[in-house]
Structure formats: structure tokens, C-alpha cells
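In this text, residue positions in the sequence shown follow my numbering: the first is -6, and each later residue adds one. In this text, a Cβ means the ideal position worked out from N, Cα and C, and glycines have one as well.
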Amino acid sequence: MMEHPVNRRLEVYRRLLGYLKPYWKQVALGYSAMLLATLANLIIPQVLKAAVDVGLVNQDISALLRASALILGIGLIRGAAGFGQRYYGEWLTHRFAYDFRNRYYDRVQRLSFAFHNRSQTGDLMSRATSDISETERFIGIGLMDLVATIMLIVGVTVAMFLLEARLAAIALLPLPVLLVATVRFGSNIRPKFKRIQEQLAVLSTTMQESLTGIRVIKAFAREPHELEKFDKDNRAWFQRRYTVIKMWANNWPFFTFTLSMSIFLLLWFGGPMAMEEIITAGTLFAMITYVLMLNGPVQRLGFLVNLAATAGASAGRVFEIIDTPNEVVEKPDAKLVETVLGEVLFKDVGFAYQAGRSILSEVTFRVRPGQTFALMGPTGAGKSTITNLIPRFYDATEGQILVDGLDIRDWNLSELRRNVGIVMQDSFLFSSNIADNIAYGRPDSAREEIIDAAKAARAHEFIERFPEGYDTIVGERGVTLSGGQKQRIAIARALLTDPRILILDDSTSSVDTETEHLIQQALTVLMQGRTTFVIAQRLLTLKKADCILVVDHGRVIQRGTHEELLDLGGLYREIYDLQLKDQEEFSAMQETG
């Protein structure tokens, strides 16, 4: 059963208010100050009434002086209360933003690879920045101002009826119309703000993609095209914003005019009543003061409803991410394994990113502790998907994967991933120094350990050539380093964690022949005693593996050592004939010659 849209909106605001619960003391102080300021405002027209009726009409100077002193005292109280309202309102605003942004970021970090494959970085960034900024403006000081405005309207209404009920009933006739118009305005404008925020996310995505690919853009002289694409998205954002501007412009004069009608009615009906002494001049003056007191708040009410609508739309977009279910969930009774050997067993494993689109099917193999398993096959065959299932970046949709005899779904997720070191095909480095990037998996590592890992990965020599050595800042995504240098730092990063299972996903694809030879020398020593999965396109990288799995269309079609697979023929033999046969025959001729 579909939830009613009004209920959905109310649920969003209820959840937002839940973020203020831990700070109930600040909420109590802020709203108490707001209440005191509102009550002080309501007293002023009563003091003015007494000043007119007693001081002016009776020409009583002492009454005027008392009224002046009282208004001065009320002003001091209002000033102190206003400070408390503003201080705690702003404090709650930014504390809420701090907590809400952390909650959102934590959720984004914990969602699975599948979620990030579907999501766009620019959209996620827009929700973290623009949407949360729009929400924070309302939930703290904005909400407090809205409550203060509503209390003032109610207080003024009650005070006017207590002064002169008949005149109040006439003067406040436009108020229900104003309130209905304001609520209707807020209801109509909320979905439009949601569309604005969605388009802003598109704009952020376009900008993020352009900035990330700036080198490609410049290489192909596509700056005009990128500007045209950005301008198109920016224009769409402006058109949506312009729709809101027109709505605001059309409604604002009506709000102001409706309030002016109350002053008109007061003077039209109240003036003769005062001249006929049905009411005192002070009462009429107080009534006019009360209505004028509503002028700012009622006009601000439209702004606050606008703000509430924006916050609701923006918060809804943030909650969409927070409420996204995680495809990979750790069991409550997940096990911590003290000693990890590194045995990996796949039993009839199948996987599909989406229903009906199978990527892997009936994959079965066993890797003994310390063995090196190589995976090879055409691009898109499913090699990386197999290794991505081991640390549970995704969960297999069929079959079972065991590490040391324990189903990986029963492992503590952090413990499992700490024991799986990965060097991905696209090595990502953070905008920090080289030492921090190597120690990312073990931030408490000593400098000597970092250097040892770099030496093992054959990275120490080129790092030392930098003026600042290991303290060299690598720039965004490691832009100041070559592909081979980034790859070797990534290998050092994986090795420093000393994992029992090592995954090398085409980790030598970005290096030259000489660098590849150096890395292979290091890996030959480092893979001893460690279960290793190697994915590579070049057979030279795979020849020494204990077992080679040939994968095609998501299935293991051949398995065996290099020599066994050559005897079998098939895909492996075809690739060997293309890549290595002539090279090996030439080397053999040189040796015999």
C-alpha cells in the first residue's frame, strides 16, 4: 500500500527533528529565549495603550515616564532573549549539519560496490553539500523562527480579542485567507524545489566529470563542447529556479496587500468607535500596533514556508541514500578468526549484477594456502568479478565461497578485508604524501616498515629521488606520478598490511618492461607463503602460477599449469601462440646457438 505524500513529508520532518534530541538542553534554552522574546513583544502594545489612555489623554507625565522606562526594560529583556534565541538557533543549525553530514557520509562509505557502480559522484557530492546546506538552514534557526512567527500570530490574535473582540474579529478577517494562501504556496513550491535540487545534482555531476577528465578535454580541444554541455545543464537549472522566482513574485504582493487590509478595516471601523468613545484611543492604537507587529512575521512566514519546503525536498534526497539497503550485510554474530591460513574455496558460485544478467556461472575451484592462482581470459570474461567476491565487495547470488573452511558471509567483514590485500588495475592514490598513501591500510606503521614495503615493491629508489622523499605530496589521484610509479606505491600499500590473501588485478599493466621485471622479482619472493590471485593479460606474468584458470563468458573453461594448458590446446594455447611462442622459440635458438 502506497504511503500518502503528506505522510511522507511529515515523516521527513519528524526524522529531521530526531537529530535535535541529543541536544535537548540547547533546544530548551533556545526555545525558552524565543518564548520570552515573543511574550515581551506582546506586552509592548499594552504599555503603549496605557501611555496613550493615561499619559496623553490625562496629560500625566509620570505615566508617560513609567511607560518609557517599562518599554526600555522590555527592550533589554528582548535583547537578551534575542541573543539566546539567535545563539542557540545558529548552534543547533550547524550542529545538526555536522551530524547529518557525518551520518550521510558514513552511509555512503558503507554502501556496497554495487551501489557505487550505479551512482554518480557528482550527485552524491551535491546531496552532501547543497542538499544538506538547504536542510540545515531550516532545522535550526529557521524552525525556531517559524515557531516564533506562529506563536506571535496566535498571541496577537488572542491579545486583540481580549482588547476588543468585535473589532478584532473584523480586523483579523483577512488572516485566515493569508494563512491558507501561505500553506498553499508552501505545498506548491516544495516539489519545484525538489526538481531544482535534482538539476543541481546533474550540474554537479557534469562539472565533476569535466574536471576529472580535463586532460582528455584539452588533448582533444573539446573545451567549447564541454562549455556547451555545462551551459545546457546550467540553463535547465536556471529555468527551474525561475519558475520558483515567478511563484514567489506572484504571491508576495498578495501577502502584503492582505495584511494592509487589516489596517484598513481597523481604521474604517475602529476610528468611529474611538471617536464615539466605544473604545479608547489607546485601544485603537494598541490594535493597530498589534497588526503592524504581524507585518514582518507574516511576510517572513512565506519565506519560512519556502525554507521548510526546500528543506523537506533536500532532506528527502539525503534520506534516499541513508535508507538505501546495503547488498552486503554483516551478520550480528559474525566471527573473528584469530589465525588465517588463506585457503579459498569456490563451490558452484554464480553472480549477476542484475536479475537475468548472469556474469558468473558454476565457478568451482580450491586454492591451498600459499598457492598462486592465475586467472586469464578475454576482457569481460569475469576474472575481476571472481576476485571481487572474495573480500565481499559483492555477494555471490549462487553457491558458496569459503576462506579457511568458513563461509565468508559468516566472517567479520572488517577482519575478512584486513586479510585480503588488493592491487587494482586502476591504482588510486589520495592527495597526501607518499608515506601516508603506502600506510593507508596500516596508519600506525613505523617509517621503517613503510620503507621496507616500498623497497619490496621496487618503489624506494624513485621515491628517494624526489626532493622531499616519502613526504612528497602526490597530488589529486596521484597526478604527479607516472602510471608505473603509482602502481608500485599501490603494491607497497597492499604488502604493508601483510595480508594472507593477495589479489593482483592486472597490477603490472601500467608499467614498462624493465619495471615489470623488477616487480616480478619482488613478487616472486613476497608471494611465498601467501595465497595469491593474479589477473593478467600477458602470459609471461602467469607462467609460474601453481594453477591457471581460463575464464570465458563467466565460466571456467580450462584449468591447469602452463605446460598442461599448452597440451590441452583451446583458448590458452591460442593466446600463447599469439603472445609467447615466437619469443620463446627465438630465446631457445639464442641459447643453443
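May I have the straight-line CA-CA distance separating V195 from L155, to the nearest angstrom?
-> Taking the sequence shown and counting its residues from 1, the one referred to as residue 195 is at position 202. Taking the sequence shown and counting its residues from 1, the one referred to as residue 155 is at position 162. Distance from the CA of V195 to the CA of L155, rounded to the nearest whole angstrom, comes to 55 Å.
DSSP three-state call for R587: helix, strand or coil?
-> The requested residue 587 does not occur in the structure, where the chain is confined to residues -6 to 586.
Can you tell me whether DSSP reads G275 as helix, strand or coil?
-> Here residue 275 corresponds to residue number 282 of the sequence shown, with the count starting at 1. Reduced to three states, the DSSP call for G275 is helix.
Ends of the beta strand (DSSP E) at G553?
-> Looking up residue 553 in the sequence shown gives position 560. That run of the beta strand (DSSP E) goes R548 to G553.
Contiguous beta strand (DSSP E) assignments of at least 3 residues, all confined to the stretch 154 to 230 | Correct list: empty.
With DSSP collapsed to three states, give me the class of E320.
-> Counting from 1 along the sequence shown, the entry for residue 320 is found at position 327. Under the three-state reduction of DSSP, E320 is assigned to coil, being neither helix nor strand.
Residues in its own chain within less than 6 Å of S203 by CB, not counting five upstream and five downstream?
-> Taking the sequence shown and counting its residues from 1, one reaches residue 203 at position 210. Result list for S203: E219, in chain order.
For T554, the nearest candidate out of G562, G547 and R548 (CA to CA) | Numbered from its first residue, the sequence shown carries residue 554 at position 561. Closest by alpha carbon: G562.
Helix, strand or coil: which one does DSSP assign to T525?
-> The residue labelled residue 525 in the question sits at position 532 within the sequence shown. Three-state DSSP puts T525 in a strand.
Cβ neighbours of R2 in the same chain (closer than 6 Å, five flanking residues each side left out) | Locating residue 2 in the sequence shown gives position 9, counting from the first residue. G305, listed in sequence order.
Beta-carbon spacing of T303, F186 below 8 Å = As a working mapping, residue 303 is identified with position 310 in the sequence shown. As a working mapping, residue 186 is identified with position 193 in the sequence shown. Yes, they are a contact pair.
Return the CA-CA distance between N405 and V322, expressed in angstroms with no decimal places.
-> Residue numbering aside, residue 405 sits at position 412 when the sequence shown is read from its first letter. Residue numbering aside, residue 322 sits at position 329 when the sequence shown is read from its first letter. Pairing N405 with V322, the inter-Cα distance amounts to about 10 Å.
Which two residues bound the contiguous alpha helix (DSSP H) that contains G75?
-> Residue mapping note: residue 75 aligns to position 82 of the sequence shown, counting from 1. Boundaries of the alpha helix (DSSP H) around G75: I54 to R103.
Quick one: residues in its chain with C-beta nearer than 6 Å to the C-beta of L29, no 5 flanking neighbours on either side, listed in chain order?
-> Within the sequence shown, numbered from 1, the residue matching residue 29 stands at position 36. If you ignore the 5 residues before and after L29, its C-beta comes within less than 6 Å of the C-beta of A74, all in its own chain and listed in chain order.
Closest residue to N227 among F423, T198 and V209 (Cα-Cα distance) | Working through the sequence shown from its first residue, we reach residue 227 at position 234. Looking only at F423, T198 and V209, the smallest Cα-Cα distance to N227 is reached by T198.
Starting from the Cα of L338, find the closest Cα among R440, L300, L258 and L395 and give me that residue.
-> Taking the first residue of the sequence shown as position 1, residue 338 is located at position 345. Shortest Cα-Cα distance from L338 to any of R440, L300, L258 and L395 involves L395.
With DSSP as the reference, please indicate the residues paired to G343 in a beta bridge.
-> Working through the sequence shown from its first residue, we reach residue 343 at position 350. Partner(s): E391.
Assign N95 to one of two classes, buried (16 or more other C-beta atoms within 10 Å of its C-beta) or exposed (fewer than that).
-> Residue mapping note: residue 95 aligns to position 102 of the sequence shown, counting from 1. In summary, N95 is exposed, with fewer than 16 beta-carbon neighbours lying within 10 Å of its beta-carbon over all protein chains present.
Rounded to the nearest angstrom, how far is the Cβ of P436 from that of V413, given a contact under 8 Å?
-> On the sequence shown, position 443 is the one that residue 436 refers to. On the sequence shown, position 420 is the one that residue 413 refers to. Wrong, their Cβ atoms sit about 18 Å apart, outside the cutoff.
Which first and last residues belong to the alpha helix (DSSP H) in which E454 is found?
-> For the purposes of this step, residue 454 is taken as the residue at position 461 of the sequence shown. Counting along the chain, the unbroken alpha helix (DSSP H) around E454 starts and ends at H453 to E457.
Please report the residue range of the alpha helix (DSSP H) in which V40 lies.
-> By one-based count along the sequence shown, residue 40 stands at place 47. Its alpha helix (DSSP H) spans residues W17 to A43.
State yes or no: is the C-beta of V543 nearer than 7 Å to some heavy atom of the ligand ZN?
-> In the structure on display, the ligand ZN does not appear, and there are no ligands present to speak of.
Is it buried or exposed for G275, if we count other Cβ within 10 angstroms and need 16 for buried?
-> Along the sequence shown, one-based indexing puts residue 275 at 282. In the assembly as shown, G275 is a buried residue. Its beta-carbon has 16 or more other beta-carbons within 10 Å.
CA-CA distance, A267 and M153?
-> Within the sequence shown, numbered from 1, the residue matching residue 267 stands at position 274. Within the sequence shown, numbered from 1, the residue matching residue 153 stands at position 160. Computed Cα separation, rounded: 15 Å.
Quick one: give me the first and last residue of the alpha helix (DSSP H) that E127 is part of.
-> For the purposes of this step, residue 127 is identified with residue 134 of the sequence shown, where counting begins at 1. From DSSP, the alpha helix (DSSP H) with E127 extends over I125 to R130.
M(-6) burial status per 10 Å Cβ neighbour count (16 or more: buried) = Residue mapping note: residue -6 aligns to position 1 of the sequence shown, counting from 1. For M(-6), the pLDDT reaches just 43, beneath the cut-off of 50, and the residue's location in the model is therefore unreliable, leaving the point undetermined.
Would Y235 be called buried (16 or more neighbouring beta carbons within 10 Å of its own) or exposed?
-> Within the sequence shown, residue 235 is the residue found at index 242, counting from 1. Here Y235 is exposed, its C-beta having fewer than 16 other C-beta atoms within 10 Å.
Near Q192, what residues of its chain come up, given a Cβ to Cβ distance below 8 Å and the 5 sequence neighbours on each side ignored?
-> Against the sequence shown, residue 192 aligns to sequence position 199. Close CB contacts of Q192 within its chain, under the 8 Å cut and outside five residues either way in sequence, are with D226, A229, W230 and R233 (chain order).
Distance, G477 Cα to Q102 Cα | As a position in the sequence shown, residue 102 is number 109, starting the count at 1. As a position in the sequence shown, residue 477 is number 484, starting the count at 1. Each residue's alpha carbon lies about 28 Å from the other.
Minimum C-alpha distance to A44 - residue among S55, G264 and E557 = As a working mapping, residue 44 is identified with position 51 in the sequence shown. Ranking S55, G264 and E557 by Cα distance to A44 puts S55 first.
Determine the burial state of S377: buried for a count of at least 16 other Cβ atoms within 10 Å of its Cβ, exposed for fewer.
-> In the sequence shown, the residue the question calls residue 377 occupies position 384. Burial call: buried.
Examine the Cβ distances between the stretch 106 to 117 and the stretch 243 to 258 and report whether three or more of them are shorter than 8 Å.
-> Of all C-beta pairs linking the stretch 106 to 117 to the stretch 243 to 258, fewer than three are shorter than 8 Å, placing the two stretches out of contact.
How about G82 and I134: do their beta carbons lie closer than 8 Å?
-> In the sequence shown, residue 82 corresponds to position 89, counting from 1. In the sequence shown, residue 134 corresponds to position 141, counting from 1. Yes. Within cutoff.
In or out: H453 buried (at least 16 other Cβ within 10 Å) or exposed?
-> Position 460 of the sequence shown, counted from the start, is the residue given in the question as residue 453. By the beta-carbon neighbour count (other beta carbons within 10 angstroms, threshold 16), H453 is buried.
Quick one: grab the DSSP three-state call for S475.
-> Translated into positions along the sequence shown, residue 475 becomes position 482. The three-state reading of DSSP puts S475 in coil, since its state is none of H, G, I, E or B.
Residue range of the beta strand (DSSP E) that includes I496 = The residue you call residue 496 lines up with position 503 of the sequence shown. In the DSSP assignment, I496 falls within the beta strand (DSSP E) that extends over I494 to D498.
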